[in-house]
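Chemist: Dropping a structure here in structure tokens format, bear with me for questions.
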Amino acid sequence: MKRILIGLAAITASGLSAQKSDSTLKKAFQDKFYIGTAMSLPQIDGTDQRAAAIIKKQFSSVVAENCMKSMFLQPQEGKFFFDDADKFVDFGLKNNMFIIGHTLIWHSQLPKWFFLDKNGKDVSPEVLKQRMKNHITTVVSRYKGKVKGWDVVNEAILEDGTYRKSKFYEILGEDFIPLAFQYAQEADPNAELYYNDYNEWYPEKVKAVITMVEKLKSRGIRIDGVGMQSHVGMDNPSIDEYEKAIVNYSNAGVKVNITELEISALPSPWGSSANVSDTVAYQKEMNPYTKGLPKEVEAKWEKRYLDFFGLFLKHKDKIRRVTLWGVTDKQSWKNDFPVKGRTDYPLLFDRKDQEKPVVQKIIKLAEKN
Numbered sequence: 001m002k003r004i005l006i007g008l009a010a011i012t013a014s015g016l017s018a019q020k021s022d023s024t025l026k027k028a029f030q031d032k033f034y035i036g037t038a039m040s041l042p043q044i045d046g047t048d049q050r051a052a053a054i055i056k057k058q059f060s061s062v063v064a065e066n067c068m069k070s071m072f073l074q075p076q077e078g079k080f081f082f083d084d085a086d087k088f089v090d091f092g093l094k095n096n097m098f099i100i101g102h103t104l105i106w107h108s109q110l111p112k113w114f115f116l117d118k119n120g121k122d123v124s125p126e127v128l129k130q131r132m133k134n135h136i137t138t139v140v141s142r143y144k145g146k147v148k149g150w151d152v153v154n155e156a157i158l159e160d161g162t163y164r165k166s167k168f169y170e171i172l173g174e175d176f177i178p179l180a181f182q183y184a185q186e187a188d189p190n191a192e193l194y195y196n197d198y199n200e201w202y203p204e205k206v207k208a209v210i211t212m213v214e215k216l217k218s219r220g221i222r223i224d225g226v227g228m229q230s231h232v233g234m235d236n237p238s239i240d241e242y243e244k245a246i247v248n249y250s251n252a253g254v255k256v257n258i259t260e261l262e263i264s265a266l267p268s269p270w271g272s273s274a275n276v277s278d279t280v281a282y283q284k285e286m287n288p289y290t291k292g293l294p295k296e297v298e299a300k301w302e303k304r305y306l307d308f309f310g311l312f313l314k315h316k317d318k319i320r321r322v323t324l325w326g327v328t329d330k331q332s333w334k335n336d337f338p339v340k341g342r343t344d345y346p347l348l349f350d351r352k353d354q355e356k357p358v359v360q361k362i363i364k365l366a367e368k369n
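First residue of the sequence shown: 1, per full-length UniProt numbering; consecutive thereafter.
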């Protein structure tokens, strides 16, 4: 009898353990929207196996953090390097994930040759169009039917609603955006096509992006979603400001993608920015938590995450995907931006690859909604 009771206790304990391990982000959000993460090269090539295991268990969508950007895919004209991108896509396919390609046209992390002729001068509009078409067609065609959604154009509009004066804009004007979407659509008619940007909640930027969406649609060019990068801090944007942006984008007839979410617990020198060309001098007061977050700061940080996920769940009918920009704190780009050498805690898993308490709170919130 004693043996039976012990056995029952063991079974019960085992059941509880299994139940706990079964509570994952992927399962909690399966009927709501894709829950995803960006993958770094060590996770893609298998050297960071612990983070890769977290991705398999917790997430239903993946995006490459860097290896599908043009400077890596086509470092020299006509010479493509697909090894890392192939591994990334294979990982997603093997684990039945919704794979996102990031990014086809972006002014940053672009090979130097892209805009230059043999004399080092700006290329003509015709040459730039051809280079864009060749790059997009080659990349999108390679992963046709495998990559389910593409960030076609990234960060082309400024906070005041004007166009960024990138070389794409200087040479082709606003037309580089519809051209990019046209080329991507022709290369894979079934892939979802997105415009992606940061500070995407600024009212003038929202208006400009919606105008761009309307222009594309009026020309018969498909755009399926707007990517809200969601690099946010503790104070701004407000939930109300963010909700207005989500609703306005949705009303324009596109799905909303939360594409690069993390919440920095550290003070920002200028509020909220994600322009990778910006840097500020290191300041001690900008790196206050080198040994971990104080309890009261951690509590506020958790509430901030829960407020955002509460908002996403409220508008789950409008949202296609929520993607974290990384798996663990140790890999986050926020450790070096906007101040080099900071110690930040912006993601859901800690530096020891352990799930933070907020993960189960997010799961419970999802299960109630």
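Just so you know, even glycine gets a beta-carbon here, dropped at the ideal spot from N, CA and C. As the structure is a prediction and not an experimental result, all values here were calculated from the model.
Would you decide whether residue 43 is buried or exposed? Buried here means 16 or more other CB atoms lie within 10 Å of its CB.
Modeler: Buried is the call here.
Chemist: Could you have a look at residue 333 and say whether DSSP puts it in helix, strand or coil?
Modeler: The answer is helix: DSSP assigns residue 333 an H, G or I state.
Chemist: Take residue 204 and list the residues in its own chain whose beta-carbon comes closer than 7 angstroms to its own, dropping the five residues that flank it on each side.
Modeler: Only 159, 160 and 161 meet the Cβ criterion.
Chemist: Based on Cα-Cα distance, which residue from 341, 304, 343 and 328 lies nearest to residue 55?
Modeler: Ranking the options by Cα distance to residue 55, first place goes to 328.
Chemist: My parser needs the beta strand (DSSP E) runs of 3 or more residues fully inside the region 42-68; what are they?
Modeler: Fully enclosed beta strand (DSSP E) runs of 3 or longer: 61-64.
Chemist: Among the candidates 331, 60, 351 and 243, whose CA atom is the shortest distance from the CA of residue 97?
Modeler: Here the closest residue by C-alpha is 60.
Chemist: Indicate whether residue 348 and residue 25 have their beta-carbon atoms separated by less than 9 angstroms.
Modeler: For residue 348 and residue 25, yes; Cβs fall inside 9 angstroms.
Chemist: Along the chain, where does the alpha helix (DSSP H) containing residue 204 start, and where does it finish?
Modeler: Run containing residue 204: 203-218, per the alpha helix (DSSP H) assignment.
Chemist: Tell me which same chain residues have a C-beta within less than 8 angstroms of the C-beta of residue 12, skipping the five on either side of it?
Modeler: Confidence in residue 12 is poor, its pLDDT being 38 and thus under 50, which makes the residue's placement too unreliable to answer from.
Chemist: Can you tell me whether residue 239 is buried or exposed? The criterion is at least 16 other CB atoms within 10 Å of its CB, across all chains shown.
Modeler: Burial call: exposed.
Chemist: When DSSP builds the beta bridges, which residues end up paired with residue 36?
Modeler: Per DSSP, 61 and 323.
Chemist: In the DSSP assignment, find the unbroken alpha helix (DSSP H) run with residue 298 in it and report its ends.
Modeler: Taken as a continuous stretch (DSSP letters only), the alpha helix (DSSP H) holding residue 298 covers 295-314.
Chemist: Give me the DSSP bridge partner(s) of residue 349.
Modeler: 328 and 355.
Chemist: Using the Cβ count rule (16 or more neighbours within 10 Å means buried), how would you classify residue 125?
Modeler: That one is exposed.
Chemist: By alpha-carbon positions, which one of 33, 233 and 67 ends up nearest to residue 268?
Modeler: Closest by alpha carbon: 233.
Chemist: State the Cα-Cα distance for the pair residue 281 and residue 186, rounded to the nearest angstrom.
Modeler: Confidence in residue 281 is poor, its pLDDT being 47 and thus under 50, which makes the residue's placement too unreliable to answer from.
Chemist: What does DSSP give as the partner residue(s) for residue 79 in the beta ladder?
Modeler: For residue 79, which the question treats as bridged, DSSP gives the partners 76.
Chemist: Residue 127 by DSSP, collapsed to three states: which one?
Modeler: Residue 127 falls in the helix class under three-state DSSP.
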